[in-house]
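Notes follow the structure.
In UniProt numbering, the protein residues as written are 1 to 154.
The following block contains the structure:
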């Protein structure tokens with residue numbers, strides 16, 4: 001498994017995160033958590049997912065939907081809307097850590113690199129600060145690229 005190098009990330013000292021320095025703040029109530037706790041999900045977004053998102057939100061930006069249009073851009077192919085990767089992170093927060101009953105009060109988001117349809121992305125949440133009232137989480141989305149490990153001819 002290899003990660004796409006994107007931008008220097010203070011969390012891992014290599015260039016690999018789609019979203020970095022992204023924080024979610026949630027109230028603390030009856031959640032058993034410790035600083036350093038982590039949870040994640042993995043997903044591959046398809047063209048169907050991107051089109052369904054466009055239908056729901058009316059975001060018909062050709063950068064997400066039109067292959068011919070994107071060939072003339074710096075991306076060269078359609079990109080997944082950044083809100084979809086943020087949605088994965090919200091899903092982790094609401095279902096795994098801290099879990100059901102939690103609510104996000106604030107996000108600070110950065111998208112240093114695009115996510116393309118068909119790419120596997122890992123959405124990870126890590127509890128970075130905890131006090132009596134609030135939990136602060138470091139969030140990241142990492143693109144996993146396929147890596148050929150052998151190429152033999154018989």
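We put the beta carbon where it would ideally sit given N, CA and C, even for glycine.
Stretch pair the region 33-41 + the region 95-105: three plus CB contacts closer than 8 Å: The region 95-105 and the region 33-41 touch, with three or more beta-carbon pairs separated by less than 8 Å.
Taking the alpha carbon of residue 100 as the point to measure from, which residue in 50, 90, 56 has its own alpha carbon closest? On the chain shown, residue 100 is found 100 positions in, with the first residue counted as 1. If we check each option's Cα against that of residue 100, 90 comes out closest.
Quick one: Cα of residue 143 to Cα of residue 127, how far? Here residue 143 refers to the residue found at position 143 when the chain shown is read from its first residue. Here residue 127 refers to the residue found at position 127 when the chain shown is read from its first residue. So the two alpha carbons sit approximately 21 Å from each other.
For the beta strand (DSSP E) containing residue 71, list its first residue and its last residue. Numbered from its first residue, the chain shown carries residue 71 at position 71. Taken as a continuous stretch (DSSP letters only), residue 71 belongs to no beta strand (DSSP E), as it is neither H nor E.
Indicate the three-state DSSP secondary structure (helix, strand or coil) for residue 42 in the structure shown. For the purposes of this step, residue 42 is taken as the residue at position 42 of the chain shown. Judged by DSSP in its simplified three-state form, residue 42 adopts strand.
Going by C-alpha to C-alpha distance, which of 107, 111, 121, 83 sits closest to residue 137? Along the chain shown, read from residue 1 onward, the residue named residue 137 stands at position 137. Nearest to residue 137 by alpha-carbon distance, out of 107, 111, 121, 83, is 107.
In angstroms with no decimal places, state the Cα-to-Cα distance between residue 124 and residue 69. Here residue 124 refers to the residue found at position 124 when the chain shown is read from its first residue. Here residue 69 refers to the residue found at position 69 when the chain shown is read from its first residue. Taking the straight line from one Cα to the other gives about 32 Å.
To the nearest angstrom, how far is the alpha carbon of residue 135 from that of residue 129? As a working mapping, residue 135 is identified with position 135 in the chain shown. As a working mapping, residue 129 is identified with position 129 in the chain shown. Their Cα atoms are separated by approximately 6 Å.
Quick check on residue 95: does DSSP put it in helix, strand or coil? To locate residue 95, count along the chain shown from 1; it is residue 95. In the structure shown, the three-state DSSP call for residue 95 is helix.
Which residue from 105, 88, 110 puts its Cα closest to that of residue 121? One-based indexing of the chain shown puts residue 121 at position 121. Comparing Cα-Cα distances from residue 121 to each of 105, 88, 110, the minimum goes to 88.
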